[in-house]
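Residue numbers (my numbering), protein chains in the order written: chain X, 1 to 332; chain W, 333 to 661. Backbone N, C-alpha and C define an ideal beta-carbon position, used for all residues, glycine too. Bear in mind that the values here come from a model prediction, so they are computed numbers and not experimental data. To start, the structure under review is shown below, and the notes come after it.
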Amino acid sequence: MNTPLLEVSELRKHFPIKGAFGRTVGAVKAVDSVSFTLQRGTTLGLVGESGCGKSTTGKVLMRLLDPTSGSIKLDGEEISTFKGKELNAFRRRVQMVFQNPASSLNPRASIGAAIAAPLIEQGIKPPGGVKAKVRDLMDRVGLRPEHANRFPHEFSGGQRQRIGIARALALDPDVVICDEPVSALDVSVQAQVVNLLKDIQRDTGISYIFIAHDLAVVKHMADEVAVMYLGKIMEQGSNEQIFADPQHPYTRALLSAVPSVELDAALTERIRLGGDLPSPSNPPSGCVFRTRCPAYALLPETDRARCADQVPTGEVACHFPSAPLAAVAAHR
Amino acid sequence: MTATASTPTTAKPVATGRSLLATAWMRIRRSRIAMASLAVVVGMVLFAILAPVLVAIEGQDPNTTNTTPEVLDNFYTPGLPLPQYMYPSAEHWLGVEPGLGRDLFARLAYGARVSLVIALLATLVSVVLGTILGAAAGYFGGKVDMVISRIMDLFLAFPHLLLVLSIAPILQSRLAGTALGSGSFVPIASLVIVLGFFGWAYLARVVRGQVLTIRQQEFIDAAQSYGTSHRSMIFKQVIPNVTGVVLVYATMMIPTNITAEAALSFLGVGVKDPTPSWGQMLNAAQAGNWYLSDPWFLAVPSIALIITVLAFNLLGDALRDALDPKSSR
Ligand SMILES: Nc1ncnc2c1ncn2[C@@H]1O[C@H](COP(=O)(O)OP(=O)(O)OP(=O)(O)O)[C@@H](O)[C@H]1O
Ligand code: SF4
Ligand SMILES: [Mg+2]
């Protein structure tokens, strides 16, 4: 098997919690031992509820945040230790589309300037000039090139995400990390933007890490899917496998709540995940999903003890993957 | 495809691009007080710029003394009213100074130049220092922030006027020996340096606070993700987004500096005779106790000062309201 484009292993990002006098009194384990691979020309969907560490994972991969530990390999080369010139050169290869269309563009820069900025900062002179390249990019993402002098506030949310996509493509990167690129948009606009991303992938063979909390969008976009919960990956597999035959109780519960996705055979009713998301600074022992797991409620005492004591690992991070699920899961 | 920000999911932009200034202008035009103060400010600036022209039309000169014996230093007998020709007339629009008998209109006009130049340049110095240091503190954070913030605190805690009072004469005597020593350059430059250098800290603190919020926005992450240098970060991404506040504070700082110039010159450590400035005129009015018998002499620079300071302050208030994204349209 050839080297994957991106290979992430045991990646951690812990934010220290400062107490009085700057002492560290704990850590927010935003990303806690995440591993996955991304093959060239494919899309990895990263799904999970709000606050589970998706954006943090993206920012660490972008080297906007330094990982606490773990390895990130791009084409087999370890990039997590890059600094200075090396880091700057790496930035050409991995770009990001940001989550919030209202704040991801500088309100004081024309959109032409925003799209040209990566080229200018990287000192790249495209064959036909920066202006021509900007026009091409705008055309590519479905914006009218004559609008290059306008400012972000003159555009709708969907158009702004297109501007963000054009900016991310300006450096011809190998990977674009799309951080919930459509979750702030209207459903009708979502489809347009998702299809644009797919078209670009078909034309250029670019790879995506597609972050989302909406499973239906991920089903449409991703080749591989990783389901994240409280900084950890619960289950990963191919699109078909995750959507047709989910194993992990968390995946099954999530899928049962998506109307457009057919219920898996073992489920007769939709499951509501009760309880609150535990704090990432003080996650439950053993299986982090334990406090909200719909299978845990029905498990015998000895099995429960195992959930509480041993951290499950593997493609499906669960000791009892196909256990029956309770309809409402909220317990201690 | 039309470029309107009207899809329901689009969050309402808080403070955005050109529209900010356009909206601000719209609001200012709607407010009578704002427009009146703007008119006074513009009028005062024109008055200063056109001083030579206006004074030529009047047919006078700021430094010519009227040497008729009555006007000379010891013409005045206490208890008697001043001679009629010392008050406004067709020849001397605002009358003449007691003592030296120089034309008051000419001195007021040339004094406006000196007072406004000092206030504007000092403001410029403060704005450049305050914006860059405040932006750097907010953007870099950590040790840079700590050092700049401590310096800021130090400057804010100092009793300015006392310090300025003691520094200005030292600076003036130091510069006096150099090639720049002749003419009015030294007192003007020393006031600009002293006022400019003591006015930046407050603005820097405001800018720093703004930059801390700007730094949280995703476009800063985006700029970092394509390897933007610190220099472009500060000058292209951060500073353009604080121009609104800087403009407001600069407008507020100008009247403070006009007043400070007047106070320092009044106290004798600023602009000195024969160079006219509004502060120097106040100083001259009290120097010979002229103001007791000739309040007009004191009133002329005072009224100019009050009108100008008031107009700048009102304009600053209006600008602040107009640029505030939270106030209703
Ligand atoms: N700079 C930071 N300092 C401390 N904690 C942080 C920081 N950034 C993120 N966190 C915490 O890390 C956790 C994961 O945040 P993250 O933004 O990665 O979530 P997310 O999955 O992207 O959520 P959303 O769907 O809301 O965007 C959250 O608990 C968040 O509070
Ligand atoms: S390990 Fe136990 S608690 Fe965790 S998901 Fe599996 S069944 Fe639920
Ligand atoms: Mg996020």
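Name the one or two DSSP bridge partners that residue i has.
{"i": "K13 (chain X)", "result": "X:V31"}
{"i": "T37 (chain X)", "result": "X:E7"}
{"i": "T463 (chain W)", "result": "Per DSSP, none; premise fails for T463 (chain W)."}
{"i": "E78 (chain X)", "result": "X:K73"}
{"i": "V316 (chain X)", "result": "X:E235"}
{"i": "L44 (chain X)", "result": "X:I209 and X:E224"}
{"i": "V176 (chain X)", "result": "X:Q95 and X:Y208"}
{"i": "V141 (chain X)", "result": "Answer is none; V141 (chain X) lacks a bridge partner."}
{"i": "Y229 (chain X)", "result": "X:K232"}
Please classify residue i: is it buried, with 16 or more other beta-carbons within 10 angstroms of its beta-carbon, or exposed?
{"i": "S505 (chain W)", "result": "exposed"}
{"i": "H562 (chain W)", "result": "exposed"}
{"i": "M221 (chain X)", "result": "buried"}
{"i": "P259 (chain X)", "result": "exposed"}
{"i": "I57 (chain X)", "result": "Reading off the sequence shown, one finds Thr at residue 57 (chain X), where the question assumed Ile. With 16 or more other Cβ atoms within 10 Å, it is buried."}
{"i": "D276 (chain X)", "result": "exposed"}
{"i": "V577 (chain W)", "result": "buried"}
{"i": "W425 (chain W)", "result": "buried"}
{"i": "K232 (chain X)", "result": "buried"}
{"i": "S522 (chain W)", "result": "buried"}
{"i": "Q54 (chain X)", "result": "According to the sequence displayed, residue 54 (chain X) carries Lys and not Gln. Label assigned to K54 (chain X): buried."}
{"i": "L230 (chain X)", "result": "buried"}
{"i": "R63 (chain X)", "result": "buried"}
{"i": "G431 (chain W)", "result": "buried"}
{"i": "L169 (chain X)", "result": "buried"}
{"i": "I635 (chain W)", "result": "exposed"}
{"i": "T313 (chain X)", "result": "exposed"}
{"i": "P627 (chain W)", "result": "exposed"}
{"i": "P324 (chain X)", "result": "exposed"}
{"i": "I571 (chain W)", "result": "buried"}
{"i": "F644 (chain W)", "result": "buried"}
{"i": "W357 (chain W)", "result": "exposed"}
{"i": "D405 (chain W)", "result": "Confidence at D405 (chain W) is low in this model, with a pLDDT of 47, below 50, so its placement is unreliable and the value that follows should be read with caution. Exposed is the call here."}
{"i": "A422 (chain W)", "result": "exposed"}
In chain X, what lies closer than 8 Å to residue i by C-beta?
{"i": "N573 (chain W)", "result": "N106, P107 and R108"}
What does residue i touch in chain W if you count any residue whose Cβ is under 7 Å from its own?
{"i": "M62 (chain X)", "result": "S557"}
{"i": "N88 (chain X)", "result": "G559"}
Any Cβ of chain W within less than 8 Å of the Cβ of residue i?
{"i": "E121 (chain X)", "result": "yes"}
{"i": "R167 (chain X)", "result": "yes"}
{"i": "R91 (chain X)", "result": "yes"}
{"i": "E78 (chain X)", "result": "no"}
{"i": "P118 (chain X)", "result": "yes"}
{"i": "L171 (chain X)", "result": "yes"}
Strictly below 9 Å CB to CB, what residues from chain X border residue i?
{"i": "D553 (chain W)", "result": "K59, M62, L64, M96, F98 and S104"}
{"i": "G564 (chain W)", "result": "Sequence inspection shows Ser at residue 564 (chain W); the Gly mentioned does not correspond to that position. A117, I120 and E121, listed in chain order."}
Is it true that the CB of residue j sits closer than 8 Å to the CB of residue i?
{"i": "L11 (chain X)", "j": "I79 (chain X)", "result": "no"}
{"i": "R150 (chain X)", "j": "A166 (chain X)", "result": "no"}
{"i": "N100 (chain X)", "j": "A226 (chain X)", "result": "no"}
{"i": "S609 (chain W)", "j": "V603 (chain W)", "result": "yes"}
{"i": "D303 (chain X)", "j": "F289 (chain X)", "result": "no"}
{"i": "A454 (chain W)", "j": "V524 (chain W)", "result": "yes"}
{"i": "P249 (chain X)", "j": "C293 (chain X)", "result": "yes"}
{"i": "V543 (chain W)", "j": "Y471 (chain W)", "result": "yes"}
{"i": "I520 (chain W)", "j": "I450 (chain W)", "result": "yes"}
{"i": "Q190 (chain X)", "j": "V218 (chain X)", "result": "no"}
{"i": "A107 (chain X)", "j": "P152 (chain X)", "result": "Note that residue 107 (chain X) corresponds to Pro in the displayed sequence, not to Ala. In contact: P107 (chain X) and P152 (chain X) (Cβ atoms closer than 8 Å)."}
{"i": "M376 (chain W)", "j": "A438 (chain W)", "result": "no"}
{"i": "L710 (chain W)", "j": "V496 (chain W)", "result": "With chain W represented from 333 up to 661, any question about residue 710 (chain W) goes unanswered, as that position is not in the structure."}
{"i": "A533 (chain W)", "j": "L493 (chain W)", "result": "no"}
{"i": "L171 (chain X)", "j": "L74 (chain X)", "result": "no"}
{"i": "L196 (chain X)", "j": "G157 (chain X)", "result": "no"}
{"i": "L527 (chain W)", "j": "A594 (chain W)", "result": "no"}
{"i": "F551 (chain W)", "j": "S103 (chain X)", "result": "yes"}
{"i": "L299 (chain X)", "j": "L255 (chain X)", "result": "no"}
Establish whether the CB of residue i and some CB of chain X are separated by less than 8 Å.
{"i": "S561 (chain W)", "result": "yes"}
{"i": "S363 (chain W)", "result": "no"}
{"i": "Q549 (chain W)", "result": "yes"}
{"i": "D405 (chain W)", "result": "In this predicted model, D405 (chain W) has a pLDDT of only 47, less than 50, meaning its place in the structure is not dependable enough to derive any value."}
Determine the chain X residues that contact residue i at a beta-carbon separation under 7 Å, and present them in chain order.
{"i": "Q569 (chain W)", "result": "N106"}
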